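Notes follow the structure.
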Amino acid sequence: MAPRPSRAAAAQVLVRHRATPPGGRTVYAVHPGALPVVAWANLAGALPQDTGFVVLDVGAVPAYLEAALDPGASDLTVDRLIDILIAAYRADHGGADAVGGGPAGPVTFVGWSFGGVLAHGMTERLKPEERPDGVVLLDSVAPTGAYTYAEDDGVDPRIVLRWFAMFLGAKRGTDVPFRTPSATSSEVPSSTVGADHVLVGLEQLLRDAVACGALPEGTPVQSIRKLFDAYTAGLLRNNRLTFTYRPVPATVPLTQIKAHHSLIPSDPTLGWAELADRTLEAHSVPGDHYTMLIRPDASRAIAGLIPASRPPQLVKTRRDTQ
Amino acid sequence: MVKVTAGEVQEWLVQKIADRLGEDPSSISPGQYFDELDLDSTEALVIAGEMENWLGFELGTTALWYHPTIEALSAHIAEESAQRGAAA
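Each protein sequence line maps, in turn, to chains F and Y.
To convert, count from 1 in the first sequence and add 885; that's the working numbering.
To convert, count from 1 in the second sequence and add 497; that's the working numbering.
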């Protein structure tokens, strides 16, 4: 296959929502795609006005998109993504090499979903004096043994259908109800759930999505299949990337903020306890894995938990609070 | 399965995209990248599914990636359609 033709104006990895005043704090949010970058505007707006806010958009890295769409042609690794993000961060943040007069004050990293893996990986690759004073993980699953999957040992399709319903609702600005189709009820072992069962689930989800206005009347089943395939391609890409990645323990405090309707409800730290050498806080905010980034009430709650927006004396240093 | 020319696919795509965007078809440039159009990725995939429904065959997952404009995708689909027609 010939290489993809390149656009004259490539998408930018670094997207600044709000400039940082001299010496002020900057929040760098690592965005793993799936939702548009503008989804971070609510959180940026909920932080104090003297806090700068920058998104590092992995979705703007062509190799990251290619790794989902054409995995056979990709040799992308988590370490390579971290290289790209660190280059963007260093170019912006302080030091003699920074271009554009970027900020030089204190920094907090935030990473949503797979972005949390990258925010942590960046932190540990940076020199100690370059590191943020904390990493805030938003419903981010740790790249540790319990949560890494080989290509053929993926997540139960019934669970992926539930996540997809959440995703579709967030993308379309409405709740899309998800009902486990009778053909894929929980009594059926996951090993026997195949493509036919997924199609039954998608057909039911299409009816529900049309009924609630998330998709227009007359949308063919091929369209929801296309949406589901694109969604699972991104999920599988991230599974492939984390399967070969070896994270190191955290040298800065971690804060895990889960959504009330998290991808994985049962684990309060989503595996990060294994990597937290220092402090690990665990909290939850309204919404699901996707809407936590969009809902104003969730944004306000997250802003209140980001150490950058609180006076230092209120920052708790407890371990594993849930 | 519908056998189509690049021109027919282009006309179909321009009309669909114009409808979604609420714009006149003449304002849609076939040489523009899909991600430069003011089209949400969900909308783009819904249109891709509608296109499969119209064509009667499935588009490869990399079709929009390697053929990222209306013009390029139309040419690719016409070629695919011709190959499928010849094989039938």
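In this text, a Cβ means the ideal position worked out from N, Cα and C, and glycines have one as well.
This one's a predicted model, so the numbers in the text were calculated from it and none came from an experiment.
query                                                                                                                                                                                                      : result
Compile a chain-ordered list of the residues in the segment 556 to 570 of chain Y whose CB is closer than 7 angstroms to at least one CB of chain F.                                                       : THR558, THR559, TRP562, TYR563, PRO565
Measuring alpha carbon to alpha carbon, tell me which residue in ALA545(Y), GLN507(Y), TYR530(Y) is nearest THR1104(F).                                                                                    : ALA545(Y)
Report all residues from its chain with a CB closer than 7 angstroms to the CB of GLY1156(F); omit the five preceding and five following residues, and keep chain order.                                   : VAL1026, ALA1027, THR1029, ALA1031, TYR1032
Using the three-state DSSP reduction, which class does ASP1173(F) fall into: helix, strand or coil?                                                                                                        : strand
Count the CB pairs spanning the segment 902 to 920 of chain F and the segment 937 to 957 of chain F that are closer than 8 angstroms, and state whether there are at least three.                          : yes
Can you tell me whether DSSP reads ILE514(Y) as helix, strand or coil?                                                                                                                                     : helix
Within 10 Å of its beta-carbon, does ARG1092(F) have 16 or more other beta-carbons around it, so buried, or fewer, so exposed?                                                                             : exposed
Enumerate in chain order the residues of its own chain whose CB-to-CB distance from ALA1099(F) is below 7 angstroms, with the five nearest sequence positions on each side excluded.                       : LEU1053, GLY1054, ARG1057, THR1059, VAL1061
By the three-class DSSP mapping on this structure, what secondary structure does LEU1208(F) have?                                                                                                          : Outside the modelled stretch of chain F, which goes from 886 to 1207, sits residue 1208(F), for which no answer is possible.
With DSSP as the reference, label GLN1141(F) as helix, strand or coil.                                                                                                                                     : strand
Can you give the beta carbon distance from VAL995(F) to VAL1021(F), rounded, assuming they're within the 8 angstroms contact cut?                                                                          : 4 angstroms
Are the CB atoms of LEU542(Y) and SER998(F) within a distance shorter than 9 angstroms?                                                                                                                    : no
Does the beta carbon of ALA1118(F) come closer than 9 angstroms to any beta carbon on chain Y?                                                                                                             : yes
Starting from PHE1208(F), trace the alpha helix (DSSP H) both ways and give me its first and last residue.                                                                                                 : With chain F represented from 886 up to 1207, any question about residue 1208(F) goes unanswered, as that position is not in the structure.
Which residues in the same chain as THR1127(F) place their Cβ atom closer than 6 angstroms to its Cβ, once the five residues preceding and following it in sequence are excluded?                          : PRO1028, THR1033
Would LEU961(F) count as contacting chain Y if we go by Cβ distances under 9 angstroms?                                                                                                                    : no
Looking at chain Y, is there any beta carbon in it that lies within less than 9 angstroms of the beta carbon of ASP1114(F)?                                                                                : yes
Give the straight-line distance between the Cα atoms of VAL1085(F) and GLU540(Y), rounded to the nearest whole angstrom.                                                                                   : 22 angstroms
Tell me which residues of the segment 1081 to 1114 of chain F have at least one Cβ-Cβ distance to chain Y shorter than 8 angstroms, keeping chain order.                                                   : LEU1100, PRO1101, THR1104, PRO1105, VAL1106, GLN1107, SER1108, ILE1109, ARG1110, LYS1111, LEU1112, ASP1114
Measure the CB-CB distance between TYR1234(F) and PHE1063(F) and report whether it falls below 9 angstroms.                                                                                                : The requested residue 1234(F) is not part of the displayed model; chain F covers only 886 to 1207.
Take PHE1113(F) as the anchor and find which of ALA1135(F), VAL1045(F), TYR1130(F), LEU1148(F) has the nearest alpha-carbon.                                                                               : VAL1045(F)
Beta-carbon within less than 6 angstroms of GLU547(Y)'s beta-carbon, same chain only, minus the 5 sequence neighbours each way: which residues are those?                                                  : none
Starting from the C-beta of GLU1102(F), find all residues in its chain whose C-beta is less than 7 angstroms away, skip the five residues before and the five after it, and write them out in chain order. : VAL1095
Return the chain-ordered list of same chain residues with a C-beta closer than 7 angstroms to the C-beta of ALA1188(F), the five sequence neighbours on each side being excluded.                          : LEU928, ALA931, LEU932, SER1194
What is the DSSP secondary structure of PHE1049(F), reduced to helix, strand or coil?                                                                                                                      : helix
Kindly indicate if chain F contains any beta-carbon less than 9 angstroms away from that of VAL543(Y).                                                                                                     : yes
Report the neighbours of GLU951(F) on chain Y: residues whose CB is nearer than 9 angstroms to its CB, in chain order.                                                                                     : THR559, TRP562
Please confirm if the segment 966 to 978 of chain F is in contact with the segment 999 to 1009 of chain F, defined as three or more CB-CB distances below 8 angstroms between the two stretches.           : yes
Output yes or no for whether 9 angstroms exceeds the beta carbon distance between ILE1142(F) and LEU1090(F).                                                                                               : no
Closer than 8 angstroms: is that where the CB of ALA931(F) sits relative to any heavy atom of the ligand NAD?                                                                                              : Summarising the ligand content, the structure contains no ligands, and the ligand NAD is consequently not present.
Is GLY546(Y) close to chain F, meaning its C-beta is less than 9 angstroms from at least one C-beta of that chain?                                                                                         : yes
With 9 angstroms as the threshold, decide whether the Cβ of THR539(Y) is near any Cβ in chain F.                                                                                                           : yes
Mind pulling the chain Y residues with CB within less than 8 angstroms of LEU1046(F)?                                                                                                                      : Ordered by position in chain Y, no residue passes the 8 angstroms Cβ test against LEU1046(F), which lies about 17 angstroms from the chain.
Measure the alpha-carbon distance for VAL923(F) versus GLU1159(F) and round it to whole angstroms.                                                                                                         : 32 angstroms
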